[in-house]
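Input: a single structure, listed below in structure tokens.
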Amino acid sequence: MTADHHPIEVVEIPPAPATRQLHWADEQDTQRFVTQLAVQPALAHAFITLHGDLGAGKTTLVRHLLRALGVSGRIKSPTYTVVEPHQTPQGLPIWHFDFYRFDDPREWEDAGLRDIFASPGLKLAEWPEKTAGALPLADLAIKLLAQDDASRQVLLQAHTALGRLLLSSLSPLPDPQP
6 MTADHHPIEV VEIPPAPATR QLHWADEQDT QRFVTQLAVQ PALAHAFITL
56 HGDLGAGKTT LVRHLLRALG VSGRIKSPTY TVVEPHQTPQ GLPIWHFDFY
106 RFDDPREWED AGLRDIFASP GLKLAEWPEK TAGALPLADL AIKLLAQDDA
156 SRQVLLQAHT ALGRLLLSSL SPLPDPQP
């Protein structure tokens with residue numbers, strides 16, 4: 006190789022996120038969705054971000070998911086505490102984050118959250134954009150857009166192989182029974 010010849014560096018470009026769009030007519034559709042998600046073994050290792058305006062249904066979705074996973078007791082929003090820990094009856098640790106009140110990305114480091122993200126368990130994060138890129142890549146991003154008081158447009162984006170596995174395991178929601 007000559008001095009002016011440089012080897013070509015191969016850079017792997019990650020695949021575009023796999024996506025799926027859903028329409029939830031009401032809260033029962035949210036429950037049906039999380040019931041499907043809760044039975045997936047891969048969920049135990051997932052990081053899921055929740056996006057949407059205030060009142061879009063992020064915390065409601067988390068509450069339904071925790072109930073579907075068997076979490077009992079009071080499930081409160083971590084809006085003021087930043088994180089609420091939970092555990093399933095089988096011992097799966099679950100961390101529910103709400104970064105709405107973050108004003109400075111350094112709060113991520115100051116709060117010691119890196120250790121939680123390095124530990125096993127399911128992580129669910131509302132308002133991840135407030136951490137200004139400090140979070141790891143989400144396996145699955147759930148974007149909720151309120152259509153009215155009850156219905157939601159939902160965009161699911163899988164960013165990792167684990168996220169694509171979760172996304173592919175979801176079947177279309179059945180029509181509600183009359």
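For the sequence shown, the positions run 6 to 183 when this note's numbering is used.
No residue lacks a Cβ here, since even glycine has one placed at the ideal position from N, Cα and C.
Would you tell me roughly how many angstroms separate the C-alpha atoms of Pro183 and Phe102, rounded to the nearest one?
-> Here the model assigns Pro183 a pLDDT of 42, short of 50, so the residue's position is not dependable and the matter cannot be decided.
Which same chain residues, not among the five before or five after Ala43, have their C-beta less than 8 Å away from its C-beta?
-> If we look at Ala43 and ignore the five residues flanking it on each side, its Cβ neighbours are Leu70, Ala73 and Leu74.
Helix, strand or coil: which one does DSSP assign to Phe52?
-> strand
Over what stretch of residues does the alpha helix (DSSP H) that includes Arg79 continue unbroken?
-> First-last for Arg79: undefined, no H or E at that position.
Which one of Leu150, Ala166 and Ala163 has the shortest CA to CA distance from His28?
-> Leu150
Leu170: which of Phe104, Gln41 and Asp31 sits nearest, CA to CA?
-> Gln41
Leu170 lies in the alpha helix (DSSP H); which residues open and close that run?
-> Ala166 to Ser173
Does the segment 114-127 touch the segment 144-160, meaning 3 or more C-beta pairs lie closer than 8 Å?
-> no
If you run the structure through DSSP and keep just helix, strand and coil, what is Thr93?
-> The answer is coil: DSSP assigns Thr93 none of H, G, I, E or B.
Kindly provide the ranges of any alpha helix (DSSP H) runs that are 4 or more residues long and lie completely inside the segment 96-134, ordered along the chain.
-> 111-115 and 118-123
Cβ pair Pro133, Thr54 closer than 8 Å | Between Pro133 and Thr54, the C-beta gap is smaller than 8 Å, which places the two residues in contact.
Could you tell me the distance, in whole angstroms, from the CA atom of Leu48 to the CA atom of Asp115?
-> 28 Å
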